[in-house]
Amino acid sequence: MAPTRPQSQIIPIVENGNGPITDRYSESSLVIDNILTTKAFDGRLCKALGVRMVTNPLIVALARNAGFDCLFIDLEHSSLSLAEASAISYTATLTGIMPLVRLPWQCGSGYVQQVLDGGAMGVIFPHIVTREDAYAAVQQCKFPPWGKRSMWGQQPVLGMRQTPLPILVETCNAKGSSVLVMIEALSSLKNLESIAAVEGVDTLLVGCLDLSTDMGIPGNFDSEYFRSALIDVSQACRRHGKVMGLAGIYNNPSLQSWAINDLGVRFMLCQQDSNLIASAAKECVAAVVRVDGGHTHMEVVSPRQK
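Numbering (UniProt numbering), first residue to last: 1 to 306.
Written as structure tokens, this is what we have:
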């Protein structure tokens with residue numbers, strides 16, 4: 001069952017086209033639609049690629065060619081800079097992929113401000129434990145009256161156009177600043193209902209690596225104990241009309257199928273750039289070794305050596 005669509009999020013969006021930018025966009029339209037909420041509320045899966053090592057914005061083209069819907073730009077577990085995150089984020093919006101940025105833990109509202117002003121369409125907050133944590137996340141992402149975000153008149157999500165402030169506030173608050181809060185600890189599970197009830201939170205994103213570790217079963221995603229936790233998150237999301245997301249489980253089709261089809265997961269971090277490079281490199285060498293067969297080859301003598 002798809003989450004119910006909050007009325008506050010229904011804002012007309014002009015689709016991307018091929019004409020001049022002045023013809024393609026009204027002053028109230030985002031560069032791209034909010035793919036996360038659009039897909040989730042239509043009952044479809046939003047597929048994310050994690051970016052934690054590649055700094056070149058060309059990663060966006062690779063992600064789009066592969067069929068990803070959004071980028072999970074990771075500033076918690078990487079050395080990526082704000083400038084690099086901004087370049088990747090804006091390239092993503094121009095390419096039709098939604099940029100989400102995960103923050104370092106307890107980085108402060110000023111850092112959140114820079115991530116959003118740099119072009120992120122959504123912010124991922126790690127280690128959310130209480131209702132107050134979730135409420136603070138919304139406050140940092142939303143302009144008044146929804147929150148406390150400081151105003152800047154030219155937003156990348158609006159194509160850097162000089163937009164009347166009332167329109168900018170309404171559009172960015174409703175569609176251009178998604179809030180994803182991560183459930184990563186046993187203490188978070190105890191507060192699921194109050195966290196999910198916070199207005200302005202779009203997604204409860206389970207951080208499976210940290211959560212399973214905190215539960216004392218690191219990486220044991222098939223255990224009944226861990227699965228029961230995912231069921232609890234799913235039920236809280238359904239009751240409060242939130243999107244359920246999953247991060248940290250890769251190359252596990254059976255569990256992913258259960259999460260999508262039974263739990264209603266509609267946002268999934270499918271893989272990380274570093275993992276893809278590592279696995280592809282290993283497979284490449286293994287393929288060459290199979291062809292080579294481990295033999296010692298005769299020395300090839302060039303004509304000049306004869």
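For glycine and all other residues, C-beta sits at the position ideal for the given N, C-alpha and C.
Item                                                                                                             : Value
C-beta atoms of VAL101 and VAL138 nearer than 8 Å                                                                : no
Chain D contact for SER194 (CB, 8 Å cutoff)                                                                      : Reference to chain D is not applicable here, since this structure consists of a single protein chain.
Whether ALA247 touches GLY207 by CB criterion (8 Å)                                                              : yes
Opening and closing residue of the alpha helix (DSSP H) in which PHE41 lies                                      : 35 to 41
Integer Cβ distance of LEU192 from ASP214, believed to fall under 8 Å                                            : At roughly 14 Å, the Cβ-Cβ gap does not stay under 8 Å, so LEU192 and ASP214 are not in contact.
Reference THR130; option with closest CA among PHE41, ALA196, SER223 and VAL233                                  : ALA196
Residue burial classification, VAL285 (beta-carbon count within 10 angstroms, cutoff 16)                         : exposed
At least 3 beta-carbon pairs within less than 8 Å: the stretch 167 to 177 vs the stretch 84 to 101               : no
Spatial neighbours of THR95 in its chain, beta-carbon cut-off 8 Å, leaving aside the 5 residues before and after : VAL60, ALA61 and ARG64
Among GLY176, LYS148, SER150 and GLU199, the one whose alpha carbon lies nearest that of VAL157                  : GLY176
Element boundaries [beta strand (DSSP E), containing CYS172]                                                     : First-last for CYS172: 165 to 175, but that is the alpha helix (DSSP H), not the beta strand (DSSP E).
Span separating the alpha-carbon of MET182 from that of PRO253                                                   : 22 Å
First through last residue of the alpha helix (DSSP H) which encompasses VAL60                                   : 59 to 66
TRP105, buried or exposed, once every other Cβ within 10 Å from all chains shown has been counted against 16     : exposed
Environment of MET160 [buried if 16+ CB atoms lie within 10 Å]                                                   : exposed
For THR203, three-class secondary structure by DSSP                                                              : strand
GLY245 beta carbon less than 8 Å from that of LEU205                                                             : yes
Closest Cα partner of LEU263 within the set ASP273, SER81 and ARG227                                             : ARG227
8 Å Cβ cutoff met for ARG52 and SER86                                                                            : no
Within 8 Å, strictly: CB atoms of LEU82 and LEU103                                                               : no
Own chain residues within Cβ distance below 7 Å of ALA120, not counting five before or after                     : SER89, PRO99, LEU100 and VAL101
Residue of THR38, LYS148 and PHE267 minimising C-alpha distance to LEU49                                         : PHE267
Neighbourhood of GLY153 by C-beta, 8 Å cutoff - its chain only, sequence neighbours within 5 removed             : GLN162, THR163, LEU165 and LEU168
Short Cβ contact (8 Å threshold) for LEU36 with ASP210                                                           : no
Burial state of LYS282 (16 or more Cβ within 10 Å)                                                               : exposed
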